[in-house]
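Counting from -15, one number per residue, gives the positions in the sequence shown under the numbering used here.
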Amino acid sequence: MGSILKNKKGFSLVELLVAIAVLIIIMGAAALTVGTSTRDARTKKAAFVFKTMLTDGSKEAMSSYKQIIVELDPSFSSGSRFRMYIDSDENFSYGGANDRILAYFVVTGDKVDPGAPAGFNGDYYFVPDVVFSGSIEGGGNSLDLSSIYGTGFENIPILGGNAKIIIRPEGVFVVKQGGVELPAGGLVLFRHTDDIDEGVQDRQYFVLITKTFLRILKLEDDGSGNYVPKEL
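Laid out in structure tokens, this is it:
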């Protein structure tokens, strides 16, 4: 019996099975780490691409001295898509004779970046009005950024479907439904669809929008179950 369970090099069958089991566990952990890193990188990329779109809009506004609008596109039904256009008659809506689309940014559906290949299977998600434990104040519609920017930037709202980003030569403005300007600015939040399904909250990025700057921050667990913004 001993000769059956032992090979010529001295390893028993039991030892071999244990070694294989350990190897499977290690490979599974490595695959999970790679998958997590990939999701994090893609979500981060979505935030950076959106920030780049706003930066390009600011350059266009300054060069043409026109008003630029960025908003969720109501004509897009297969997911969430932002559209950026020149608002030539400055009536805060698209459709004027001289209005012109500058860019689209799809964050759900089959395209991720402007100009992505047809059929690209994207997996980014735009989440408006999300509630996070601990770090969101005001009933789930704002984020406390006082630890980074001071009291002047407390309770910056997360932009929902009714908000518009107005880009003018003098700066970037956030306007909610009814045309009410939000003096503190706003933020657009990105997280990966897998994280939504799994309830994970620590791989989320957002673009912070104020009149004078655009910045990308990441929400990270502070070790106590609270998710706080960290500058990149």
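All residues carry an ideal CB built from backbone N, CA and C; glycine is no exception.
- Distance from the CA atom of residue 197 to the CA atom of residue 5, rounded to whole angstroms, is 52 angstroms.
- Nearest Cα to residue 201 within the set 214, 173 and 68: 214.
- Taking all protein chains shown into account, residue 50 has 16 or more neighbouring C-beta atoms within 10 Å of its C-beta and is therefore buried.
- Boundaries of the beta strand (DSSP E) around residue 148: 148 to 152.
- Excluding residues up to 5 positions away in sequence, 169 lie with their Cβ nearer than 6 angstroms to the Cβ of residue 194 in the same chain.
- For residue 69, the enclosing beta strand (DSSP E) has its first and last residue at 65 to 70.
- Counted as a single uninterrupted DSSP element, the beta strand (DSSP E) harbouring residue 188 occupies residues 188 to 193.
- When DSSP states are grouped into helix, strand and coil, residue 80 belongs to the coil group.
- Pairing residue 53 with residue 88 gives a Cβ-Cβ distance that is not under 9 angstroms.
- One Cα belongs to residue 189, the other to residue 36, and the distance between them is close to 14 angstroms.
- Put simply, the backbone Cα of residue 140 is about 58 angstroms away from that of residue -1.
- By the criterion of a C-beta distance shorter than 8 angstroms, residue 86 is surrounded in its chain by 40, 41, 44, 52, 68, 69 and 70, once the five residues flanking it on both sides are discounted.
- Residues 200, 201 and 202 of the same chain have their beta carbon placed closer than 7 angstroms to that of residue 216, with the five preceding and five following residues left out of the count.
- DSSP places residue 56 inside the beta strand (DSSP E), whose first and last residues are 52 to 56.
- Between residue 172 and residue 31, the C-beta gap is smaller than 9 angstroms, which places the two residues in contact.
- The DSSP-derived three-state label of residue 32 is helix.
- Ranked by Cα distance from residue 153, the options 38, 3 and 33 are led by 38.
- In the three-state reduction of the DSSP assignment, residue 44 falls in the helix class.
- For the 9 angstroms CB-CB criterion, residue 156 and residue 166 do not form a contact.
- Straight across, the Cα-Cα distance linking residue 34 with residue 191 is about 8 angstroms.
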